[in-house]
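This report refers to the structure that appears directly beneath it.
What follows is the structure, given as structure tokens:
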């Protein structure tokens, strides 16, 4: 076997290993049978219908969606301000602040989760939606900071200086020049934050107040009893959202940037 | 329109002193150039006037008022950058009208002013385009329009021509000067290009290492450099040590190696003071190579052409006279001299100036 043929074979193997489980979920979501398994008896959308009638799942969906949007809002706002400070201003201990902001990516999520929980216990605060939002924002923040920072470095200071010289105050300069130029990065960062929050399970299990479920914890809970075909349908929807939203956003961004220039 | 005055201005970045105690005046309505190599402090001075940098010490006065503590957006200045810095997400009209918005100009008046500004920079009809749809020279005109439409007290130009290619640069040089002339705004122009400085300025301020080396009209700075640095920075010069042999009522006689005794008019020796030794500045373009006899009133010596740098209508020759290498920049009349040619090197004393030795 030639080297290239081997590489080709190996590549296919890796991709199969990675994507076959996902493909199975996607296929079984349309399986008519009560018990998940091959061969598929017939195509059906009944599991999707049941999904939408399942009150617990729909509640989890709403929770996840609101949590994701709020996480995106919080992480993006804080992330923009942090990136501005890190790129545009000189201050002592800048490297430490950078490391601190990025550290949630480096610390194992379980450690982070337990740490925040202990901290809250120390403050005598109960677990709540706010805690969950706070935690998700911390996890998403590094991604927003990195994306916005990268873009901000590429925006020459002269734009802001020109705006200032023409009479715009620092705040007016931010909203009329910096913010519009940052918009693609802000958009990407918000998207990251949303998907990270929407996907998160490890930390969420620690932080959620009792009785509150997000989509991942709901799936996790359902799996403890049995593998219901509903879960396959739910998996299908999840994949559509986490893959589809960024693709759609990327397409929109490209469309708008082409129209502008 | 206003006079700008810097009093004992200094600027330090950490331990680095970018501008040493300097007094500089930019006269009302004049076109003044800050000229010097990169890192000489010229841009720092411009940025201090604009408000982008705070001076470490000293005062900045615009129209007689101290403005050290006035933030940039309240100074009413026009600023033009090397890289244009047009807002890429806004149309040309929006770019130009940007400053008008903060001055409470209503929409109709703003549109009128935008049209007028585009006429001044000779680029009418591009209101609805985006900056990326214009060429570099056009973008720089828009940047100029954006800066002048707000009727600034002072116009600050930070190497505005450096990003353009050579032909366009010369064209824009004339254009820029004529725009400035028409609107009559006090203008501070920063450049490292001596020909831009000579061509455009009413007054040139030559800077080096954070200090002002010389202030004067272009011809003055060119003909009568105050220091070796200025002599070398404004065009190529040959600088030789000379002894002062005698002084007349309004003349100075010098003993020049190889060339012998020459007599200068006293106004070419203002920077000599009463020193007994000096440095003679011979501009490369004032040293003529010839193969015949030298004209009346000139001195000459023999030399050998070592290298020729052919530039079309001009040639830069490197000529060895004794142990010293001289530069001569001559118009080419017919065929240029070849390497190794023995020539006579002709010097007109009226074209030279002399500095005190320590300068």
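Protein chains in written order, with the numbering used here: chain A, 2 to 262; chain B, 17 to 375. Glycine included, each C-beta is placed from N, C-alpha and C at the ideal position.
Residue i classed as buried or exposed, judged by whether at least 16 other C-beta atoms fall within 10 angstroms
i, result
"residue 4 of chain B", "A query on residue 4 of chain B cannot be resolved here, the shown segment of chain B reaching from 17 to 375 and no further."
"residue 56 of chain B", "buried"
"residue 263 of chain B", "exposed"
"residue 91 of chain A", "exposed"
"residue 48 of chain A", "buried"
"residue 142 of chain A", "buried"
"residue 126 of chain A", "exposed"
"residue 198 of chain A", "buried"
"residue 329 of chain B", "exposed"
"residue 208 of chain A", "buried"
"residue 24 of chain B", "exposed"
"residue 102 of chain A", "buried"
"residue 113 of chain A", "buried"
"residue 183 of chain B", "exposed"
"residue 197 of chain B", "exposed"
"residue 295 of chain B", "buried"
"residue 27 of chain B", "buried"
"residue 368 of chain B", "buried"
"residue 116 of chain A", "exposed"
"residue 33 of chain A", "exposed"
"residue 57 of chain A", "exposed"
"residue 154 of chain A", "exposed"
"residue 181 of chain B", "exposed"
"residue 90 of chain B", "exposed"
"residue 158 of chain A", "exposed"
Reduced DSSP category for residue i - H, G, I as helix; E, B as strand; rest coil
i, result
"residue 209 of chain A", "coil"
"residue 69 of chain B", "coil"
"residue 342 of chain B", "strand"
"residue 152 of chain A", "helix"
"residue 136 of chain A", "helix"
"residue 32 of chain A", "strand"
"residue 334 of chain B", "strand"
"residue 262 of chain A", "Bear in mind that the predicted position of residue 262 of chain A carries a pLDDT of just 44, short of 50, making it unreliable; the figure below should be weighed with that in mind. Residue 262 of chain A: coil per DSSP, three-state reduction."
"residue 351 of chain B", "coil"
"residue 284 of chain B", "helix"
"residue 326 of chain B", "strand"
"residue 220 of chain A", "helix"
"residue 306 of chain B", "strand"
"residue 367 of chain B", "helix"
"residue 202 of chain A", "coil"
"residue 125 of chain B", "helix"
"residue 126 of chain A", "coil"
"residue 294 of chain B", "strand"
"residue 358 of chain B", "strand"
"residue 119 of chain B", "coil"
"residue 263 of chain A", "There is no way to answer for residue 263 of chain A, as the model of chain A reaches only from 2 to 262."
"residue 269 of chain B", "strand"
Say whether the segment 82-102 of chain A touches the segment 250-257 of chain A, bearing in mind that this needs 3 or more beta-carbon pairs closer than 8 Å, one atom from each stretch. no
Report yes or no: do the segment 118-129 of chain B and the segment 75-86 of chain B share at least 3 C-beta pairs separated by less than 8 Å? no
Along the segment 166-184 of chain A, what residues have a CB closer than 9 Å to any CB found in chain B? 166, 167, 168, 169, 170, 171, 173, 174, 177, 178, 181, 182, 184
Which whole runs of the beta strand (DSSP E) in the segment 172-233 of chain B are 3 residues long or more, in chain order? 202-207, 219-224, 227-232
Identify each residue in the segment 133-162 of chain A for which the Cβ-Cβ distance to at least one residue of chain B is less than 8 Å, and report them in chain order. 157, 159, 160, 162
For a minimum of 3 consecutive residues, which ranges assigned as the beta strand (DSSP E) are wholly contained in the segment 68-109 of chain A? none
Chain A contacts made by the segment 91-107 of chain B, where a contact means CB separation under 9 Å: 91, 92, 93, 94, 95, 96, 97, 98, 99, 100, 101, 102, 103, 104, 105, 106
To be precise: take each residue of the segment 60-86 of chain B, compare its Cβ to all Cβ atoms of chain A, and keep it if any distance is under 7 Å. Which residues remain? 66, 68
List, from N- to C-terminal side, the alpha helix (DSSP H) runs of 4 residues or more that fit wholly inside the segment 22-98 of chain B. 58-66
Please specify which runs of the alpha helix (DSSP H), each continuous and at least 4 residues long, are wholly inside the segment 139-193 of chain A, giving them in chain order. 158-166, 171-174
So, do the segment 61-77 of chain A and the segment 187-197 of chain A have three or more beta carbon pairs nearer to each other than 8 Å? yes
Residues from the segment 114-147 of chain B in contact with chain A, defined by Cβ distance under 7 Å: 114, 115, 118, 119, 146
Which whole runs of the beta strand (DSSP E) in the segment 130-175 of chain B are 3 residues long or more, in chain order? 170-174
Anything in the segment 186-205 of chain A with a Cβ closer than 9 Å to a Cβ of chain B? List those residues in chain order, please. none
Inter-stretch contact at 8 Å, needing at least 3 Cβ pairs: the segment 207-223 of chain B / the segment 246-266 of chain B: yes
Can you pull out the residues from the segment 193-219 of chain B whose beta carbon lies closer than 7 Å to at least one beta carbon of chain A? none
Under 8 Å, with one C-beta from each stretch per pair, do the segment 229-236 of chain B and the segment 265-284 of chain B reach the 3-pair mark? no
Cβ contact check for the segment 219-226 of chain B and the segment 254-261 of chain B: 3 or more pairs under 8 Å: no
Three or more C-beta pairs below 8 Å linking the segment 106-117 of chain B and the segment 146-164 of chain B: yes
Would the segment 317-335 of chain B count as touching the segment 280-294 of chain B if we require 3 or more Cβ pairs under 8 Å? no
Select from the segment 320-354 of chain B all residues with a C-beta closer than 7 Å to any C-beta belonging to chain A, and list them in chain order. none
Please determine if the segment 60-70 of chain B and the segment 81-94 of chain B are in contact, where contact requires at least 3 C-beta pairs separated by less than 8 Å. yes
Under 8 Å (Cβ pairs) to chain B, residues found in the segment 226-242 of chain A: none
Taking any Cβ of chain A, which residues in the segment 20-36 of chain B have a Cβ under 8 Å from it, in chain order? none
Is the segment 92-109 of chain B touching the segment 149-166 of chain A, taking contact as three or more C-beta pairs under 8 Å? yes
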